[in-house]
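Peer 1: Pasting a structure below so you can have a look.
Number of protein chains: 2
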Amino acid sequence: MSKKPRVSSAEGESEFLASYDPTRFERFSVAVDVVLVAALEGDLSTLLVVRDEHPYKGLHALPGGFLKKDETLEEAATRVLRSKANIAGVYLEQLYTFGEPRRDPRTRVISVVYYALVDEARFRAAATGERPVHSARIRVPWEGETGGPVKVVDEKGRALALAFDHADIVGMAVKRLRGKLDYAPVGFQLLGETFTLLALQRVHETVLGRPVNKDSFRRRMLASGQLEATGRSQSGVDHRPAELYRFARRSAV
Amino acid sequence: MSKKPRVSSAEGESEFLASYDPTRFERFSVAVDVVLVAALEGDLSTLLVVRDEHPYKGLHALPGGFLKKDETLEEAATRVLRSKANIAGVYLEQLYTFGEPRRDPRTRVISVVYYALVDEARFRAAATGERPVHSARIRVPWEGETGGPVKVVDEKGRALALAFDHADIVGMAVKRLRGKLDYAPVGFQLLGETFTLLALQRVHETVLGRPVNKDSFRRRMLASGQLEATGRSQSGVDHRPAELYRFARRSAV
DNA sequence: GAAATAGTGTCTTTAAGACAGTATGTG
DNA sequence: CACATACTGTCTTAAAGACACTATTTC
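Take a look at the structure:
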């Protein structure tokens, strides 16, 4: 009836698929790396592992692993986080895919990177197991959302050398985080169940790398409808205790 | 001297690399797809090709191709755009990587997607060659930055079926575009060399899918420092002609 | 001169920033 | 009571939105 191409994937498709040769095109190693981020004492921190194999043996690297045959990218990221940092149940988001031909000296590796945000308690728990994982403080040598690689130092302030292009990767995670801060619940994910407004402000300042105005920050947060007062207050501080809030999961609108 | 692991990738690394077996881990097909976006008569549009091979033979798909051994991801995107749409010299940005195990029935394919923005003239030129490429209008069934798949229709308003997960991919491109609109030069890239303020406003409205306030839009744009008056005016319109502006490449600050 | 959009000037509303002043806990 | 931070109220400033009015072109 019509000379237009049929919207049909029927005829011949099953035969085509049965005889398809997957090696017809070049195939590549695909890795998944995870930037696990927390806010610690005014610094953004991330979790690193020490490489015990070549290449870059002895240097620090993001936890990562090769993608397996039947898992999704996000499942791979979840697996990496669980096996290397014993962390589960966190919100993961895809960051970027790195694929420079010589970024890995072994062979061409395409690395799909995810990032996750956790509160300080969970981060410290992950960093203090017997696993060879370490907490590293991120030093951002640029302002705003300029972007670029970052430096990392250990808890004693000593510079750590990062394997592969991982300094660029962490830099991109910081850039993304800064960009999402004012329209996504980034701050809440970096805090525990309940928190004071000042704690939330400090987390924002840590992410942004600059101070924010206290008055308008409070007003903006309280007006956003994302905060829910718990009725309880801080205790054990040497000044008037602040109200504790929790993140209001977008309930009624 | 020290018991700490050496920051050394020296001893044994060259031997390790020489004997490294790249097939030690699963390898995957890696594809690069490109969402070429333009603003046409109030609709966002994208360029599609008709698949002449299984799978999804006869359906519309984003221009794409398999990554080659020694090219970067961005080079692959550039190559796809040149070979399938005869478009070169446009700004490309990585969008997202799609890797669901069964998204391609042939074999597991990890697809790194880029998007590019072009003005109407270049888009029409690309869509009207002899190549089997088609202009498709994007219909966004959600508001703001909600996200989700989109529908596409041809120039006569008929719905087009998209191959693979390409409806999700185009949806993500729209979402990203909306998010970047107020802090990146998205609007300028969708226009030609010079343009009126109303044209720029219409492009913003097309991307956002909603009207914007004319007064504050003008003020904001003129105050942004990104616009440069040309001193020339529109011609051939049946009303008072407007001043033509051009995008001020961030010169002196 | 009618029609249509360009462009200017001003008023109102809203959010951000600044800051004074009061509140409430610990030592 | 000193100190430290929490919280409230108000003033100023800047940006967004609304709208009236004038300008300039084609038909």
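Those sequence lines, one after another, are chains U and S. Counting in the numbering used here, the first sequence runs from 596 upward without gaps. Counting in the numbering used here, the second sequence runs from 596 upward without gaps. All C-beta atoms in this analysis are idealised placements derived from N, C-alpha and C, irrespective of residue type, glycine included.
#1: Does the beta carbon of His-729 of chain U come closer than 9 Å to any beta carbon on chain S?
#2: Would you kindly work out how many angstroms separate the C-alpha atoms of Ala-711 of chain S and Arg-797 of chain S, rounded to a whole number?
#3: Residues of chain S with CB closer than 9 Å to the CB of Gly-607 of chain U, please, in chain order.
#4: For Gly-694 of chain U and Leu-657 of chain S, which I take to be in contact (beta-carbon distance under 8 Å), what is that distance rounded to the nearest angstrom?
#5: What residues match up with Val-708 of chain S in a beta bridge as DSSP calls it?
#6: Could you confirm whether any beta carbon from chain S is found closer than 9 Å to the beta carbon of Gln-784 of chain U?
#7: Count the other CB atoms, across all protein chains shown, that sit within 10 Å of the CB of His-799 of chain S; report buried if there are 16 or more and exposed otherwise.
#8: Among the residues of its own chain, which have a CB less than 7 Å from the CB of Phe-759 of chain S, if the five just before and after it don't count?
#9: Does the separation of the CB atoms of Gly-804 of chain S and Glu-750 of chain S fall below 9 Å?
#10: Got a sec: is the Cβ-Cβ distance from Leu-642 of chain U to anything in chain S below 9 Å?
#11: Does DSSP put Ser-849 of chain U in a helix, in a strand, or in coil?
#12: Could you tell me whether any Cβ in chain U is nearer than 9 Å to the Cβ of Thr-673 of chain S?
#13: Considering only C-alpha positions, which residue in the set S:Arg-753, S:Gly-743, S:Val-708 is nearest to Ser-730 of chain S?
#14: Would the segment 811 to 823 of chain S and the segment 832 to 839 of chain S be scored as touching if the rule is three or more Cβ pairs under 8 Å?
#15: Are the beta-carbon atoms of Gly-660 of chain S and Ala-671 of chain S separated by less than 9 Å?
#16: Under 8 Å Cβ-Cβ, which residues of chain U neighbour Gln-689 of chain S?
#17: On the DSSP bridge assignment, give the partners of Ala-633 of chain S in chain order.
#18: Mind checking which residues open and close the alpha helix (DSSP H) that includes Ser-819 of chain S?
#19: Reducing DSSP to helix, strand and coil, say where Lys-746 of chain S ends up.
#20: What in chain S is Cβ-close to Pro-696 of chain U, meaning under 9 Å?
#21: Is the CB-CB distance between Ala-626 of chain S and Ile-682 of chain S below 9 Å?
#22: Would you say Ser-819 of chain S faces chain U, with C-beta separation under 9 Å as the test?
#23: Name the residues in the segment 763 to 777 of chain S whose C-beta lies less than 7 Å from a C-beta of chain U; which are they?
#24: Check the Cβ of Tyr-686 of chain S against every Cβ in chain U and list those closer than 7 Å, keeping chain order.
#25: For the segment 748 to 788 of chain U, which segments carrying the alpha helix (DSSP H) assignment without a break, of at least 4 residues, lie completely within its bounds, in sequence order?
#26: Using the rule of at least 16 other Cβ atoms within 10 Å of the residue's Cβ for burial, across every protein chain shown, is Asp-628 of chain U buried or exposed?
#27: Can you find a CB in chain U that lies within less than 9 Å of the CB of Arg-841 of chain S?
#28: Along the beta strand (DSSP E) that carries Val-728 of chain S, what are the first and last residues, could you check?
#29: Drop a sphere of 10 angstroms on the beta-carbon of Lys-664 of chain S, count the other beta-carbons inside from all chains shown, and report buried for 16 or more, exposed for fewer.
#30: Helix, strand or coil, according to DSSP, for Thr-825 of chain S in the structure here?
#31: Measuring CB to CB, does Glu-621 of chain U end up less than 9 Å from Ser-624 of chain S?
#32: Using the three-state DSSP reduction, which class does Ala-843 of chain S fall into: helix, strand or coil?
#33: Along chain U, in chain order, which residues have C-beta atoms closer than 8 Å to that of Phe-661 of chain S?
#34: So Val-644 of chain U packs on Lys-679 of chain U, CB below 8 Å; how close in whole Å?
#35: Determine, using beta carbons only, whether Val-914 of chain U and Leu-772 of chain U come nearer to each other than 9 Å.
#36: I'd like to confirm the pairing. Which residues does DSSP put opposite Phe-623 of chain S in its beta bridges?
Peer 2: In short:
#1: To locate residue 729 of chain U, count along the first sequence from 1; it is residue 134. Not an interface residue.
#2: For this step, residue 711 of chain S is matched to residue 116 along the second sequence. For this step, residue 797 of chain S is matched to residue 202 along the second sequence. Cα-Cα distance, rounded: 19 Å.
#3: Stepping through the first sequence from its first residue, residue 607 of chain U is reached at position 12. Simply His-649, Lys-652.
#4: Taking the first residue of the first sequence as 1, we reach residue 694 of chain U at position 99. Taking the first residue of the second sequence as 1, we reach residue 657 of chain S at position 62. Rounded, the Cβ-Cβ distance is 19 Å, inconsistent with contact.
#5: Position 113 of the second sequence, counting from 1, holds the residue named residue 708 of chain S. BP columns for Val-708 of chain S point to S:Asp-628, S:Tyr-691.
#6: Taking the first residue of the first sequence as 1, we reach residue 784 of chain U at position 189. So no, Gln-784 of chain U is outside the interface.
#7: Reading the second sequence from its first residue, position 204 is the one you call residue 799 of chain S. With 16 or more Cβ atoms within 10 Å of its Cβ, His-799 of chain S is classed as buried.
#8: Mapped onto the second sequence, residue 759 of chain S falls at position 164. Around Phe-759 of chain S: Tyr-651, Ala-656, Arg-698, Asp-699.
#9: Taking the second sequence and counting its residues from 1, one reaches residue 804 of chain S at position 209. Taking the second sequence and counting its residues from 1, one reaches residue 750 of chain S at position 155. It is not a contact, given that the beta carbons lie outside the stated cut-off.
#10: Counted from its first residue, the first sequence places residue 642 of chain U at position 47. No, Leu-642 of chain U lies away from the interface with chain S (no Cβ there is under 9 Å from its Cβ).
#11: Nothing can be reported for residue 849 of chain U: it is not among the residues displayed for chain U, which extend from 596 to 848.
#12: The residue given as residue 673 of chain S occupies position 78 in the second sequence. It does not: the Cβ of Thr-673 of chain S has no partner Cβ on chain U nearer than 9 Å.
#13: Sequence index remark: in the second sequence, residue 730 of chain S carries index 135 (1-based). It is S:Arg-753 whose Cα lies nearest to the Cα of Ser-730 of chain S.
#14: no
#15: The residue you call residue 660 of chain S lines up with position 65 of the second sequence. The residue you call residue 671 of chain S lines up with position 76 of the second sequence. Yes.
#16: Locating residue 689 of chain S in the second sequence gives position 94, counting from the first residue. Result: Tyr-691, Thr-692.
#17: Position 38 of the second sequence, counting from 1, holds the residue named residue 633 of chain S. S:Ser-640.
#18: Translated into the one-based positions of the second sequence, residue 819 of chain S becomes position 224. That run of the alpha helix (DSSP H) goes 809 to 819.
#19: To locate residue 746 of chain S, count along the second sequence from 1; it is residue 151. If DSSP states are grouped into helix, strand and coil, Lys-746 of chain S belongs with the strands.
#20: By one-based count along the first sequence, residue 696 of chain U stands at place 101. Near Pro-696 of chain U (Cβ distances below 9 Å), the residues of chain S are Lys-664, Asp-665, Glu-666, Thr-667.
#21: Counted from its first residue, the second sequence places residue 626 of chain S at position 31. Counted from its first residue, the second sequence places residue 682 of chain S at position 87. Their beta carbons are not under 9 Å apart, which means Ala-626 of chain S does not touch Ile-682 of chain S by this criterion.
#22: Start at 1 with the first residue of the second sequence, and residue 819 of chain S comes out as number 224. No, because no Cβ of chain U sits closer than 9 Å to the Cβ of Ser-819 of chain S.
#23: none
#24: Within the second sequence, numbered from 1, the residue matching residue 686 of chain S stands at position 91. Per Cβ cutoff of 7 Å: no residues; Tyr-686 of chain S is ~16 Å from chain U at best.
#25: 761 to 775, 781 to 784
#26: Counting from one through the first sequence, the residue named residue 628 of chain U turns up at place 33. The residue in question, Asp-628 of chain U, is buried, as its Cβ has 16 or more Cβ neighbours within 10 Å.
#27: As a working note, residue 841 of chain S is residue 246 in the second sequence. No, its Cβ sits nowhere closer than 9 Å to a Cβ of chain U.
#28: Here residue 728 of chain S corresponds to residue number 133 of the second sequence, with the count starting at 1. Note, Val-728 of chain S: beta strand (DSSP E), 728 to 734.
#29: Residue 664 of chain S sits at position 69 when you count from the first residue of the second sequence. Exposed: under 16 other Cβ atoms inside 10 Å.
#30: For this step, residue 825 of chain S is matched to residue 230 along the second sequence. In the structure shown, Thr-825 of chain S sits in a strand (DSSP, three-state: E or B).
#31: To locate residue 621 of chain U, count along the first sequence from 1; it is residue 26. To locate residue 624 of chain S, count along the second sequence from 1; it is residue 29. In this structure, Ser-624 of chain S lies closer than 9 Å to Glu-621 of chain U by Cβ.
#32: The residue you call residue 843 of chain S lines up with position 248 of the second sequence. Coil, per DSSP.
#33: To locate residue 661 of chain S, count along the second sequence from 1; it is residue 66. Phe-620, Glu-621, listed in chain order.
#34: If you number the first sequence from 1, residue 644 of chain U lands on position 49. If you number the first sequence from 1, residue 679 of chain U lands on position 84. Yes, they are in contact, since the Cβ atoms of Val-644 of chain U and Lys-679 of chain U sit about 6 Å apart, within 8 Å.
#35: A query on residue 914 of chain U cannot be resolved here, the shown segment of chain U reaching from 596 to 848 and no further.
#36: Taking the first residue of the second sequence as position 1, residue 623 of chain S is located at position 28. Answer is U:Phe-623.
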